[in-house]
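Undergrad:
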Amino acid sequence: EEAKKKAEKQAPETSSETTIQLTYDEVLKRGITEYDEGNYTEALAHFNLILQNFPGDLNGTFYSGMTNYRLSRNEKAQVQLQQVIETKNTTFHQEARWYQALTYEKMNDLANTRKSLRKIADEEGFYNKQAQEKLEEIK
């Protein structure tokens with residue numbers, strides 16, 4: 008059960024070692040809060056903690072990809088967003104596709120930017136109109 012997953016964060020070794028246990032949900036919520044407040048480096052540390060303990064976790068992968076996009080770590084963002092797009096769980100597909108297109112644009116990869124935007128524009132999703140507008144801008 009997701010809520011019962013535990014992520015452990017150990018403090019550096021000192022004379023008295025301390026272990027702090029946080030639930031998966033606590034780590035995720037803290038990461039999202041940091042992200043929402045624009046503290047992307049701190050947010051990424053939380054999402055990376057999730058991925059260290061639960062490799063391939065969808066939340067960790069999506070939010071790490073989004074955070075890497077915000078930090079202009081474009082190659083890493085693109086890889087993580089592609090991993091999200093390839094999952095059977097479609098929860099984050101629309102956002103992942105949109106931000107992947109924006110990541111390609113930041114990388115000056117206009118061929119993949121256009122290809123990604125066309126896919127979005129052809130769907131009846133949330134980013135349909137924005138994708139159509141961006142396609143007009145980059146012609």
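Residue numbers (this note's numbering): 8 to 146.
Glycine included, C-beta positions come from ideal geometry on N, C-alpha and C.
Do Tyr111 and Thr120 come within 9 angstroms of each other at the CB atom, strictly closer than that value?
TA: Yes. Within cutoff.
Undergrad: Using the C-alpha atoms, what's the distance from Ile127 back to Gln101?
TA: 8 angstroms
Undergrad: With DSSP as the reference, label Thr48 as helix, strand or coil.
TA: helix
Undergrad: Taking DSSP as the reference, what is the three-state secondary structure of Thr149?
TA: Only positions 8 to 146 of the chain appear in this structure, which leaves residue 149 out of reach.
Undergrad: Can you tell me the Cβ-Cβ gap for Ala138 and Leu124, rounded? I've got them flagged as a contact below 8 angstroms.
TA: In this structure, Ala138 and Leu124 form a Cβ contact; the two beta carbons are roughly 5 angstroms apart against a cut-off of 8 angstroms.
Undergrad: When the distance is taken between beta carbons, is Tyr31 closer than 9 angstroms to Met73?
TA: no
Undergrad: With a Cβ-Cβ cutoff of 9 angstroms, do Phe54 and Tyr70 count as a contact?
TA: yes
Undergrad: Does Leu78 come out as helix, strand or coil in the three-state DSSP assignment?
TA: coil
Undergrad: Given that a residue counts as buried once 16 or more other Cβ atoms are within 10 Å of its Cβ, and exposed if not, what is Phe133?
TA: exposed
Undergrad: By alpha-carbon positions, which one of Val34, Glu93, Glu44 and Glu144 ends up nearest to Gln59?
TA: Val34
Undergrad: Check each candidate in Ala108, Asn96 and Gly63 and name the one with the smallest Cα separation from Asn135.
TA: Ala108
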